[in-house]
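Data first, discussion second: the structure below is written as structure tokens.
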Amino acid sequence: MASVKSSSYPLPDDKPPVLNDVSSVPELPGPPVSLDPLTPRERSWNMSRIRSTDTKPEMMVRRMVTAMGLRYRLHRRDLPGKPDLVFGPRRTVLFVHGCFWHQHPGCRAARMPKGNREFWEKKLNRNTERDAETCKTLRSLGWRILTVWECETKDPAKLQRRLARLFPPLNSSTPADPAAQQEEEPSE
Numbered sequence: 023m024a025s026v027k028s029s030s031y032p033l034p035d036d037k038p039p040v041l042n043d044v045s046s047v048p049e050l051p052g053p054p055v056s057l058d059p060l061t062p063r064e065r066s067w068n069m070s071r072i073r074s075t076d077t078k079p080e081m082m083v084r085r086m087v088t089a090m091g092l093r094y095r096l097h098r099r100d101l102p103g104k105p106d107l108v109f110g111p112r113r114t115v116l117f118v119h120g121c122f123w124h125q126h127p128g129c130r131a132a133r134m135p136k137g138n139r140e141f142w143e144k145k146l147n148r149n150t151e152r153d154a155e156t157c158k159t160l161r162s163l164g165w166r167i168l169t170v171w172e173c174e175t176k177d178p179a180k181l182q183r184r185l186a187r188l189f190p191p192l193n194s195s196t197p198a199d200p201a202a203q204q205e206e207e208p209s210e
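Going by our numbering, the letters in the sequence shown line up with residues 23 to 210, in that order.
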């Protein structure tokens, strides 16, 4: 067995280091190392630009449902979760979720950041838990819940067809496609 050379860091009382005792590990000189390629000021500016309302995906969905002749209310505070669009006569709410922030299952945009992983896991898990709680409460109040994911807005024609299936005209004798309604029920 080869002998281990002593490091340039002095150990207290020349005792072997205890692996789970960080008090015996000397701190490295210089500022703490960050995995973030941006400076704190740049990161702060970037994060301040993230919006919760009037996002590009939400605006696209709003333009589409308006073009379909549908009327809706925005961000009703009297409903749990402040749904993005509320179609009162249809007892339907529509959430436009960002794939990252709401962790769209199977979506590439929903990947967990590598840096500060503990923070992000806690934050994003709480977001998905809150979404499930909101859906459960809205359902118990008699609302139908629809979710449009950010990645779905990348194909406007497909999204338009989906919205047309979900929102047939109110005076139509054709009910909304039950299969489409079933697909919309978010998993809890």
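Ideal placement from N, C-alpha and C gives every residue a C-beta, glycine not left out.
- Runs of the beta strand (DSSP E) lying entirely within the segment 119–201, each at least 3 residues long, are 166–171 in chain order.
- Closest in C-alpha terms to residue 179, from the list 131, 83 and 151, comes 83.
- Remark: C-beta atoms of residue 79 and residue 140 do not approach each other more closely than 7 Å.
- Per DSSP, the continuous alpha helix (DSSP H) segment holding residue 86 begins and ends at 78–89.
- For residue 107, the enclosing beta strand (DSSP E) begins and ends at 107–109.
- Residue 124 is a Cβ neighbour of residue 153, given a cutoff of 7 Å.
- In its chain, beyond the 5 residues on either side, 86, 87 and 90 have a beta carbon closer than 7 Å to the beta carbon of residue 185.
- Going by beta carbons, residue 108 and residue 94 fall inside the 7 Å limit.
- Ranked by Cα distance from residue 149, the options 61, 137 and 132 are led by 132.
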